[in-house]
Amino acid sequence: KAGVTQTPRYLIKTRGQQVTLSCSPISGHRSVSWYQQTPGQGLQFLFEYFSETQRNKGNFPGRFSGRQFSNSRSEMNVSTLELGDSALYLCASSLLGTEKLFFGSGTQLSVL
Amino acid sequence: DQQVKQNSPSLSVQEGRISILNCDYTNSMFDYFLWYKKYPAEGPTFLISISSIKDKNEDGRFTVFLNKSAKHLSLHIVPSQPGDSAVYFCAASESQGGSEKLVFGKGTKLTVNP
Chain G
24 KAGVTQTPRY
34 LIKTRGQQVT
44 LSCSPISGHR
54 SVSWYQQTPG
64 QGLQFLFEYF
74 SETQRNKGNF
84 PGRFSGRQFS
94 NSRSEMNVST
104 LELGDSALYL
114 CASSLLGTEK
124 LFFGSGTQLS
134 VL
Chain U
238 DQQVKQNSPS
248 LSVQEGRISI
258 LNCDYTNSMF
268 DYFLWYKKYP
278 AEGPTFLISI
288 SSIKDKNEDG
298 RFTVFLNKSA
308 KHLSLHIVPS
318 QPGDSAVYFC
328 AASESQGGSE
338 KLVFGKGTKL
348 TVNP
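Those sequence lines, one after another, are chains G and U. Mapping to this note's numbering: the first sequence position 85 is 108, numbers consecutive. Mapping to this note's numbering: the second sequence position 52 is 289, numbers consecutive.
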């Protein structure tokens, strides 16, 4: 069974631009979560989707948004990029009702 | 307010010895705890978990201990191997309608020396 796939793997943007990251969950997994990892900050929860609905949201500004499609694939968008948005963005999928998350390799975003 | 704390940023042990990674939490509503391992340039990989109804869970060389009264859990790796060198994250969740939100600690970098 294929794992969680995230694209692109690396991304370089400049301040003020916007970016869209993509995530394909494990087949059969309908819950998709997004996390941001920065040096020294661990993994911080961004949001979670299930059946195209956002079920939970972390403490991030409105510039961070996401969506989920009917095939469970998810996208995350960050608008008006800031230098502090440079991070590894991780997507995880899971079977509903289990806390065991399966993570993708992440998208490394660098904002210059 | 950090609800899950891993107070040791790094830990170094000799191959064959025991590695003990610690984690403290403040939210008494947390009822499920997990450990993840992360290698550079890869996503975290699930290692082991424990429910709050247990105080110990074992899987091969890995054992997680939970002390609810102290709000403390630990991961024991015995014996430690060089391939165990990675960043270990402790995570916790509270049952709330099946939401998959996990709260992570900042991680402990384990180095196992040959």
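For every residue, glycine included, the Cβ atom is placed at its ideal position computed from N, Cα and C.
Among the residues of chain G, those whose CB is under 7 Å from the CB of Gly344(U) are Gly65, following chain order.
Annotation: the continuous beta strand (DSSP E) that includes Ala329(U) extends over 323–330. In the DSSP assignment, Ala115(G) falls within the beta strand (DSSP E) that extends over 110–117.
The C-alpha of Pro316(U) lies about 5 Å from the C-alpha of Gly253(U).
The C-alpha of Asp268(U) lies about 24 Å from the C-alpha of Gly280(U).
Annotated three-state conformation of Gly129(G) is coil, per DSSP.
Two segments are said to touch when three or more pairs of C-beta atoms, one from each, lie closer than 8 Å; by this definition the stretch 99–118 of chain G does not touch the stretch 253–265 of chain U. Gln59(G) is positioned such that its CB atom lies no closer than 9 Å to that of Leu124(G). Excluding residues up to 5 positions away in sequence, Ala110 lie with their Cβ nearer than 7 Å to the Cβ of Thr61(G) in the same chain.
Within chain U, Ala278, Glu279, Gly280 have C-beta atoms less than 8 Å from the C-beta of Ser128(G), given in sequence order. In the displayed model, Gly320(U) falls within a helix according to three-state DSSP.
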